[in-house]
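Peer 1: For the sequence shown, counting from 1, position 113 maps to 113 in the UniProt record's numbering; every step adds exactly one. My questions will all concern the structure given below.
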Amino acid sequence: MDKSLPSRLTLLEIGIKDVSLGSDVKLVQPVNLYGCEIGDQCFVGPFVEIQRGVRIGARTKVQSHTFVCELVTIGDDCFIGHGVMFINDSFSTGGPAQGRRELWASTRIGNRVSIGSNATIMPVTVCAGVVIGAGAVVTKDILEPGVYAGNPARRIKALPQAPLASSPD
Ligand SMILES: CC(C)(COP(=O)(O)OP(=O)(O)OC[C@H]1O[C@@H](n2cnc3c(N)ncnc32)[C@H](O)[C@@H]1OP(=O)(O)O)[C@@H](O)C(=O)NCCC(=O)NCCS
1 MDKSLPSRLT
11 LLEIGIKDVS
21 LGSDVKLVQP
31 VNLYGCEIGD
41 QCFVGPFVEI
51 QRGVRIGART
61 KVQSHTFVCE
71 LVTIGDDCFI
81 GHGVMFINDS
91 FSTGGPAQGR
101 RELWASTRIG
111 NRVSIGSNAT
121 IMPVTVCAGV
131 VIGAGAVVTK
141 DILEPGVYAG
151 NPARRIKALP
161 QAPLASSPD
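Rendered as structure tokens:
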């Protein structure tokens, strides 16, 4: 051990451990991924932590500095912006659960959900086809497609119509 480090120090290293990776996945190191499942053609940017038991569907992009905690499931074709924080411990008993996992709650993000930078996602369900604005704090389930923003996040509009397929000249 390095003599300059105190002898009682516990030093853990980040890395990629026990991860089930689909095909054509792109990871930008350093990342801390363990015990999770990342689908085909996903992208995970640098300084991301994805914890045990998380499942991320195909073609989803997770941008830098995001934290995806245990009990989170994310669907296919999602965009998780920079610095998005998922939460599984709501401090419902007046403080951290201190390892009492029965106090943690889960989050389910449907397919085609885009989450703006710096959003915070409490333990909720978000249906498919939702946009969540930058800096939003999502405190309740989102069960209707649309655009949501603010703290607490509220529906601000319907999703714009999908661009029309270009017609032949
Ligand atoms: C929420 C969002 C999708 C809405 O975009 P939009 O449809 O173009 O909406 P507008 O800019 O017309 O704003 C509509 C209203 O919502 C408000 N608003 C927009 N984004 C907001 C946000 N993130 N938080 C709170 N309010 C927001 C606007 O101030 C405006 O309010 P007003 O009607 O009182 O003036 C967008 O502003 C956003 O936050 N995108 C996230 C982008 C991102 O993080 N990308 C990551 C990769 S760089």
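Just so it is clear, CB atoms sit at the ideal spot from N, CA and C, and this is done for glycine as well.
Excluding the 5 residues preceding and the 5 following residue 155 in the sequence, name in chain order all residues of the same chain whose CB lies nearer than 6 Å to its CB.
Peer 2: 146 and 148
Peer 1: Cβ of residue 116 within 9 Å of Cβ of residue 128?
Peer 2: no
Peer 1: According to the Cβ coordinates, are residue 73 and residue 101 closer than 9 Å?
Peer 2: no
Peer 1: Give a single yes or no on whether residue 109 has its beta carbon closer than 8 Å to a heavy atom of ligand 1.
Peer 2: no
Peer 1: Between residue 152 and residue 142, what straight-line distance do the alpha-carbon atoms span, to the nearest angstrom?
Peer 2: 12 Å
Peer 1: Is residue 65 near ligand 1, going by C-beta to nearest heavy atom under 8 Å?
Peer 2: no
Peer 1: Between the Cα of residue 61 and the Cα atoms of 5, 17, 93 and 113, which residue gives the shortest distance?
Peer 2: 113
Peer 1: Under a criterion of Cβ closer than 7 Å to any non-hydrogen atom of ligand 1, which residues qualify, in chain order?
Peer 2: Output, sorted by chain position: 63, 81, 82, 116, 117, 131, 133, 134, 135, 136, 147, 149, 150, 156 and 157.
Peer 1: Which partner residues does residue 154 have in the DSSP bridge list?
Peer 2: Answer is 149.
Peer 1: So, for residue 77: in the same chain, excluding its five sequence neighbours on each side, which residues have a beta-carbon less than 7 Å away from its beta-carbon?
Peer 2: Take residue 77, set aside five residues on each side of it, and the residues of its chain with a beta-carbon closer than 7 Å to its own are 59, 60, 111 and 112, in chain order.
Peer 1: Does the separation of the CB atoms of residue 125 and residue 136 fall below 9 Å?
Peer 2: no
Peer 1: In the DSSP assignment, the beta strand (DSSP E) including residue 131 goes from what residue to what residue?
Peer 2: First-last of the beta strand (DSSP E) with residue 131: 130-132.
Peer 1: Which whole-angstrom value describes the C-beta separation of residue 83 and residue 66, a residue pair presumed to lie in contact below a C-beta threshold of 8 Å?
Peer 2: 6 Å
Peer 1: What does the alpha-carbon distance come out to for the pair residue 24 and residue 38?
Peer 2: 11 Å
Peer 1: Can you tell me whether residue 6 is helix, strand or coil according to DSSP?
Peer 2: Here DSSP, grouped into helix, strand and coil, assigns residue 6 to coil.
Peer 1: Note down the Cα distance separating residue 18 from residue 64, rounded to an integer number of angstroms.
Peer 2: 21 Å
Peer 1: Leaving out the 5 sequence neighbours to the left and right, which residues in its chain are closer than 6 Å to residue 32 when beta-carbon positions are compared?
Peer 2: 14 and 49
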